[in-house]
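Residue numbers (the numbering used here): 8 to 489.
The structure is reproduced here in structure tokens:
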């Protein structure tokens with residue numbers, strides 16, 4: 008692939024970031040690019056081909072902007088030798104994978120046409136958005152990933168580090184408008200919220216983004232607080248407060264407030280709490296009398312109550328401008344669950360038909376009673392064996408299936424539940440077809456009339472369409488055999 012020098016871009020980046028840039032960027036090595044036009048007929052594909060007349064040139068320009076933003080010298084840049092780009096009619100916006108020498112990326116043509124039509128069919132603006140998405144995704148190809156900072160899960164330090172760095176790079180190269188910067192949020196939110204925070208720190212220290220990326224390489228385990236102390240000499244909390252005060256000059260003390268999805272619950276039912284505080288808090292400390300967990304620092308926790316009773320809930324919030332607390336006595340009223348105990352959260356052994364789940368989306372998520380995690384397999388159907396380690400027997404009275412966070416076509420459409428006490432002979436307990444989830448993280452429950460108790464349960468699932476099956480949660484309720 009022809010190497011291209013962008014001297015003007017180098018000059019602009021040096022002026023903007025103040026970084027100590029090398030004079031040798033003409034030596035930057037570009038990967039060999041293969042363009043796979045998997046979609047050529049949709050409106051988005053035709054728009055891409057019309058707007059991007061020379062894809063190789065645009066790809067190399069984006070690579071150049073990413074590398075000169077993240078690094079000081081081309082010798083520091085990871086040597087990517089192959090770039091396979093797929094223009095694809097699919098879900099999402101774009102994604103990047105690969106390995107130490109390969110970049111594997113797709114861009115969704117549906118997103119291109121959707122953006123174009125929702126922005127007054129402005130071709131110039133649509134080309135800028137395509138470029139911005141490419142810069143974001145190519146940042147993932149060239150940045151360092153933090154070690155020991157959790158998996159790629161929303162709210163983790165790993166997630167916010169890499170997604171925030173990608174959007175900071177996109178902003179610093181001119182492909183995110185500062186109009187998107189808003190007070191509030193959390194440095195762990197990722198994307199624009201974290202990206203603007205990172206870009207603000209480049210104003211305090213021009214070398215910040217370079218050192219931030221390097222910290223992901225050298226620090227193990229990596230954390231926001233350790234990285235900020237190393238680079239800026241301050242805690243991430245102190246820096247976030249300073250950033251919030253800088254962009255919200257009229258900020259006021261927060262007012263703590265919350266609601267619950269339901270205040271009348273039954274045992275083993277999960278209650279969702281919603282923060283409704285004013286004043287852009289970035290820290291939450293909940294205390295749940297009688298709840299599991301009994302405390303939480305997340306914005307919208309989900310709590311399970313195992314015993315009957317009336318329980319108090321307390322929330323303390325903190326913003327850049329102060330803190331506030333609210334307490335609600337006897338707020339959650341819990342009665343006995345007529346469906347019996349939630350035995351799927353008891354100690355168990357799980358066997359699955361396929362062991363191909365991506366990192367963070369394995370089979371252990373299926374029975375954790377947490378709707379924000381999920382089990383995913385790259386197969387349209389799969390079976391799962393659930394076995395109680397205690398070998399106690401339960402009569403299944405009810406089960407619930409919870410949809411995952413995205414891609415409705417991956418939801419279970421059909422389910423068969425079987426029971427066994429020896430692992431060889433199985434009875435069909437229940438079967439449901441044409442299950443239809445109306446929203447994400449929705450729980451659909453099915454009562455069961457079986458009278459027999461079992462120590463093992465086999466769950467057979469088939470999705471709606473496509474090659475992927477995913478489920479957030481399966482909950483099994485029943486009575487222990489006497």
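All C-beta atoms in this analysis are idealised placements derived from N, C-alpha and C, irrespective of residue type, glycine included.
In this text, all values refer to a predicted model and were calculated from it rather than measured experimentally.
Exercise for the section: On a CA-only basis, which of 484, 89, 191 is nearest residue 37? Give me that one, please. Expected result: Selected option, being the one with the closest Cα: 89.
Practice task
Assuming residue 455 contacts residue 437 (C-beta within less than 8 Å), just tell me the rounded distance between them.
Solution key: Between residue 437 and residue 455 the Cβ distance is about 5 Å, and since that is below 8 Å, they are a contact.
Problem - Buried versus exposed call for residue 308 [16 or more other C-beta atoms within 10 Å across all chains shown] - result: With 16 or more Cβ atoms within 10 Å of its Cβ, residue 308 is classed as buried.
Exercise for the section: Could you name the residues that DSSP lists as bridge partners for residue 407? Expected result: Looking at the DSSP output, residue 407 shares a beta bridge with 452, 482.
Problem - Given 8 Å, three or more beta-carbon pairs between the stretch 380–398 and the stretch 456–466 - result: Counting C-beta pairs closer than 8 Å gives three or more between the stretch 380–398 and the stretch 456–466, which meets the contact rule.
Practice task
Have a look at residue 115 and residue 450 and give me their C-alpha separation to the nearest angstrom.
Solution key: Rounded to the nearest angstrom, the two C-alpha atoms are 30 Å apart.
Practice task
Measure the Cβ-Cβ separation of residue 402 and residue 485 and say whether it is below 8 Å.
Solution key: In contact: residue 402 and residue 485 (Cβ atoms closer than 8 Å).
Handout entry: Beta-carbon gap between residue 155 and residue 229 smaller than 8 Å
Key = Between residue 155 and residue 229, the C-beta spacing is below 8 Å.
Practice task
Work out the CA separation of residue 197 and residue 162 for me, nearest whole Å.
Solution key: Distance between the alpha carbons of residue 162 and residue 197 is about 8 Å.
Handout entry: Assigned exposure category for residue 223 - 16 Cβ within 10 Å defines buried
Key = A residue is called buried when at least 16 other Cβ atoms come within 10 angstroms of its Cβ; residue 223 meets this threshold and is buried.
Handout entry: Check whether residue 252 and residue 175 have beta carbons under 8 Å apart
Key = Cβ atoms of residue 252 and residue 175: not closer than 8 Å.
Problem - For residue 269, three-class secondary structure by DSSP - result: In the three-state reduction of the DSSP assignment, residue 269 falls in the coil class, being assigned neither a helical nor a strand state.
Problem - Pick from 250, 166, 93, 187 that is closest to residue 504, judged by C-alpha positions - result: This structure leaves residue 504 out entirely; the chain is present only between 8 and 489.
Practice task
Determine the burial state of residue 43: buried for a count of at least 16 other Cβ atoms within 10 Å of its Cβ, exposed for fewer.
Solution key: Answer is exposed; the Cβ neighbour count stays below 16.
Handout entry: Pairwise C-alpha distance: residue 102 and residue 84
Key = C-alpha of residue 84 to C-alpha of residue 102: approximately 21 Å in a straight line.
Problem - Residues near residue 51 in its chain [Cβ-Cβ closer than 8 Å; skip 5 each side] - result: Cβ within range, chain order: 96, 115, 116, 117, 118, 119, 120, 121, 123.
Practice task
With DSSP collapsed to three states, give me the class of residue 322.
Solution key: The three-state reading of DSSP puts residue 322 in strand, counting E and B together.
Problem - Identified DSSP bridge partners for residue 499 - result: The first residue shown for the chain is 8 and the last is 489, placing residue 499 beyond what the model contains.
Practice task
Give the secondary structure of residue 42 by DSSP, where H, G and I count as helix, E and B as strand, and everything else as coil.
Solution key: Three-state DSSP puts residue 42 in a strand.
Handout entry: Helix, strand or coil at residue 90 according to DSSP, with G and I counted as helix
Key = Reduced to three states, the DSSP call for residue 90 is strand.
Exercise for the section: Just list the alpha helix (DSSP H) runs in the stretch 58–118, keeping only unbroken ones of 4 residues or longer that don't cross its boundaries, in chain order. Expected result: The stretch 58–118 contains, as complete alpha helix (DSSP H) runs of 4+ residues, the segments 62–77 (chain order).
Exercise for the section: Answer yes or no: do residue 183 and residue 177 have a C-beta to C-beta separation smaller than 8 Å? Expected result: Cβ atoms of residue 183 and residue 177: closer than 8 Å.
Handout entry: Exposed unless 16 or more other CB atoms sit within 10 angstroms - verdict on residue 55
Key = Buried, by the Cβ-count rule.
Handout entry: Neighbour-count burial assignment, residue 3, 16 or more Cβ in a 10 Å radius
Key = No answer is possible for residue 3: the residues shown for the chain start at 8 and end at 489.
Handout entry: Runs of beta strand (DSSP E) wholly within the stretch 312–357 (minimum 3 residues, chain order)
Key = DSSP runs (the beta strand (DSSP E)) wholly in the stretch 312–357: 316–326, 329–342.
Handout entry: Cβ pair count under 8 Å reaching 3, the stretch 320–338 against the stretch 278–291
Key = Flag = yes, the stretch 320–338 and the stretch 278–291 touch.
Problem - Pairwise C-alpha distance: residue 470 and residue 446 - result: So the two alpha carbons sit approximately 16 Å from each other.
Handout entry: Nearest-angstrom Cα separation, counted from residue 410 out to residue 478
Key = Just so you know, the alpha carbons of residue 478 and residue 410 end up roughly 6 Å apart.
Problem - Inter-residue spacing [alpha-carbon to alpha-carbon] between residue 321 and residue 212 - result: Residue 321 and residue 212 have their C-alpha atoms roughly 39 Å apart.
Problem - Same chain, Cβ closer than 6 Å to residue 151, neighbours up to 5 away in sequence not counted - result: Correct list, in chain order: 220, 223, 224.
Problem - C-alpha gap between residue 376 and residue 336, whole angstroms - result: Distance from the CA of residue 376 to the CA of residue 336, rounded to the nearest whole angstrom, comes to 26 Å.
Practice task
Go ahead and pull the three-state DSSP assignment for residue 282.
Solution key: Three-state DSSP puts residue 282 in a strand.
Practice task
Using only alpha-carbon positions, find the residue among 110, 108, 226 that is nearest to residue 165.
Solution key: Considering only 110, 108, 226, the residue with the shortest C-alpha distance to residue 165 is 226.
Exercise for the section: Following the continuous alpha helix (DSSP H) through residue 550, name the residue where it begins and the one where it ends. Expected result: Residue 550 is absent from the structure shown; the chain starts at 8 and stops at 489.
Practice task
Look at the Cβ atom of residue 348, then the Cβ atom of residue 400, and state whether they are nearer than 8 Å.
Solution key: In this structure, residue 400 does not lie closer than 8 Å to residue 348 by Cβ.
Exercise for the section: Report yes if the CB atom of residue 188 is closer than 8 Å to the CB atom of residue 254, and no otherwise. Expected result: A contact, by the Cβ cut-off of 8 Å.
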